[in-house]
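*Asks:* In the numbering used here, the protein residues as written are 1 to 335. Note that beta-carbon positions come from the ideal geometry of N, C-alpha and C, so glycine has one too.
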Amino acid sequence: TACVFNGVDSGTLTFGGMRDLECGATLFTRYGGSIYENLIVCKKNETYLVDGTSFDDYIVYKISSTRGCVAPLTMKVCDTGYEVAPGLTKHTLVWLSTSGVIMFDANSMIEISNDIGDRFERKTDTKINFTYSHQSAAFYDSMMGGYHLLIATGSSKYPNEEWVYDLVRKKWFQIKRGAKYLWCGFEVDDSAGNKYVYGGTGDGYLERLEYGTTFDGVSIAYKFRLPDSLMNMSWDSRKELRQIRLVGVCKTTSSQTVLCEHFADGSTTASSPAVYAIPQTNSGHRFYKWSRSVSYRGNTHSLQFSITTSDETIGLQPLFVAGTFKVIDPDLESQ
Numbered sequence: 001t002a003c004v005f006n007g008v009d010s011g012t013l014t015f016g017g018m019r020d021l022e023c024g025a026t027l028f029t030r031y032g033g034s035i036y037e038n039l040i041v042c043k044k045n046e047t048y049l050v051d052g053t054s055f056d057d058y059i060v061y062k063i064s065s066t067r068g069c070v071a072p073l074t075m076k077v078c079d080t081g082y083e084v085a086p087g088l089t090k091h092t093l094v095w096l097s098t099s100g101v102i103m104f105d106a107n108s109m110i111e112i113s114n115d116i117g118d119r120f121e122r123k124t125d126t127k128i129n130f131t132y133s134h135q136s137a138a139f140y141d142s143m144m145g146g147y148h149l150l151i152a153t154g155s156s157k158y159p160n161e162e163w164v165y166d167l168v169r170k171k172w173f174q175i176k177r178g179a180k181y182l183w184c185g186f187e188v189d190d191s192a193g194n195k196y197v198y199g200g201t202g203d204g205y206l207e208r209l210e211y212g213t214t215f216d217g218v219s220i221a222y223k224f225r226l227p228d229s230l231m232n233m234s235w236d237s238r239k240e241l242r243q244i245r246l247v248g249v250c251k252t253t254s255s256q257t258v259l260c261e262h263f264a265d266g267s268t269t270a271s272s273p274a275v276y277a278i279p280q281t282n283s284g285h286r287f288y289k290w291s292r293s294v295s296y297r298g299n300t301h302s303l304q305f306s307i308t309t310s311d312e313t314i315g316l317q318p319l320f321v322a323g324t325f326k327v328i329d330p331d332l333e334s335q
């Protein structure tokens, strides 16, 4: 197989068969006092590492016989130190495989998409469109330390969901940009070396990302939801949620309030009566801590907080969520 990376003909390497290579990238690593830059290449279901200082003296190692890269545009080098063990950070390479998102640190392959595993499970309604998974793309925001994955779900042939893996917090979150979907993204540098991230939308526009108080003139919606909680770790009792407290960074421009919704026992409909909206103002303070008295009963409880603004650079900055509850009776209900 003849290989060309970064416009340089790498000569002729053999990777165990005639099936085409999908993509490749170089990865910086350090072991003790030794420094390496290895070439990582993928087929659809295989991954190889090329080690050596010249094409007269190299070794091809097969890293995996089952996992490769199905979408070449998703392979990105993440050169922000990723903590693979306490006190040990490395540069990593991330890409999309048939089973999910793979991270490789030149030592081992880790599947980092378990938190959004329903997108890669073939029996779920939220799965990606596997027929067009090769259309997936990704970009890396080095300033925020986020790997942005753009995938097509449902019947869509083109990316219609954007998921971000925070390499510092090791958590996923979803970005929804209204009616627009990103199909690509990239970083640019100005003459002073400052970096900016841009994205290309499916309707043909180029947008500067993470900038301003709106996206393409549309207000930005913020939302987070806590998982269903048993409160006392028991399925055999009903609990009454009596108070909700939200602590967050104060806002001085926007007068918009935070909507808090409660969901009991896995319901898809918010409980009634509604929680009084929470203001984000607290004159003379850096943060607010608003409490609301409520009376919601159920075996499990989940809270969702949301706000839509067009006049704040960051519309919602939650710091802490708390509440009080009381066990009221055995759970004898059937749903």
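Can you give me the Cβ contacts of Tyr158 inside the same chain, cut-off strictly under 7 Å, excluding the 5 residues immediately before and after it?
*Replies:* Within the sequence shown, the letter at position 158 stands for residue 158. Once the five neighbours on either side are set aside, the close Cβ partners of Tyr158 are Gln135, Ala152, Trp183 and Gly202.
*Asks:* So does the region 72 to 79 actually touch the region 94 to 101, counting three or more Cβ pairs closer than 8 Å?
*Replies:* With the cut-off at 8 Å, the region 72 to 79 and the region 94 to 101 touch.
*Asks:* Taking Ser295 as the reference, which of Asn232, Ser254 and Tyr276 has the closest Cα?
*Replies:* One-based indexing of the sequence shown puts residue 295 at position 295. Closest option to Ser295, Cα to Cα, is Tyr276.
*Asks:* Under DSSP, the beta strand (DSSP E) around Ala264 begins and ends at which residues?
*Replies:* Walking along the sequence shown from the start, residue 264 turns up at place 264. Its beta strand (DSSP E) spans residues Leu259 to Ala264.
*Asks:* Going by CA-CA distance only, name the one from Gly145, Gly178, Ser155 and Ser156 that's closest to Tyr165.
*Replies:* Indexing the sequence shown from 1 puts residue 165 at position 165. Nearest C-alpha to Tyr165: Gly145.
*Asks:* With a 10 Å radius around its C-beta and 16 neighbouring C-beta atoms as the bar for buried, classify Ser113 as buried or exposed.
*Replies:* Residue mapping note: residue 113 aligns to position 113 of the sequence shown, counting from 1. Burial call: buried.
*Asks:* Contact defined as beta carbons within less than 8 Å: I believe Leu150 pairs with Ile244. What is the distance between those atoms, to the nearest angstrom?
*Replies:* By 1-based counting over the sequence shown, the position of residue 150 is 150. By 1-based counting over the sequence shown, the position of residue 244 is 244. No, Leu150 and Ile244 are not in contact; Cβ-Cβ is about 35 Å, not under 8 Å.
*Asks:* Tell me, which residues are paired with Thr64 by DSSP?
*Replies:* Within the sequence shown, residue 64 is the residue found at index 64, counting from 1. It should be noted that the sequence gives Ser, not Thr, for residue 64. Answer is Thr47, bridged to Ser64.
*Asks:* Please report the straight-line C-alpha distance between Val249 and His301, rounded to a whole angstrom.
*Replies:* Along the sequence shown, one-based indexing puts residue 249 at 249. Along the sequence shown, one-based indexing puts residue 301 at 301. Distance between the alpha carbons of Val249 and His301 is about 25 Å.
*Asks:* Which first and last residues belong to the beta strand (DSSP E) in which Gly185 is found?
*Replies:* Position 185 of the sequence shown, counting from 1, holds the residue named residue 185. Counting along the chain, the beta strand (DSSP E) containing Gly185 begins and ends at Leu182 to Asp189.
*Asks:* Exposed or buried, Asp125, counting other C-beta atoms within 10 Å across all chains shown (16 or more means buried)?
*Replies:* As a first step, residue 125 is located in the sequence shown; it is residue number 125 there, counting from the start. The residue in question, Asp125, is exposed, as its Cβ has fewer than 16 Cβ neighbours within 10 Å.
*Asks:* Take Lys62 and list the residues in its own chain whose beta-carbon comes closer than 6 Å to its own, dropping the five residues that flank it on each side.
*Replies:* As a first step, residue 62 is located in the sequence shown; it is residue number 62 there, counting from the start. Tyr48, listed in sequence order.
*Asks:* Buried or exposed for Tyr82, please, with buried defined as at least 16 other CB atoms from any protein chain shown within 10 angstroms of its CB.
*Replies:* Residue 82 sits at position 82 when you count from the first residue of the sequence shown. Burial call: buried.
*Asks:* Under 8 Å: do the region 281 to 293 and the region 224 to 235 share three or more Cβ pairs, one atom per stretch?
*Replies:* No, they do not touch.
*Asks:* Within the region 224 to 277, note down every full beta strand (DSSP E) run reaching 3 residues or more, in order along the chain.
*Replies:* Whole beta strand (DSSP E) segments, 3+ residues: 237 to 249 and 259 to 264.
*Asks:* Let me check understanding here. Comparing Cα to Cα, which of Phe263, Glu333 and Val218 lies closest to Glu312?
*Replies:* For the purposes of this step, residue 312 is taken as residue 312 along the sequence shown, with counting starting at 1. Comparing Cα-Cα distances from Glu312 to each of Phe263, Glu333 and Val218, the minimum goes to Val218.
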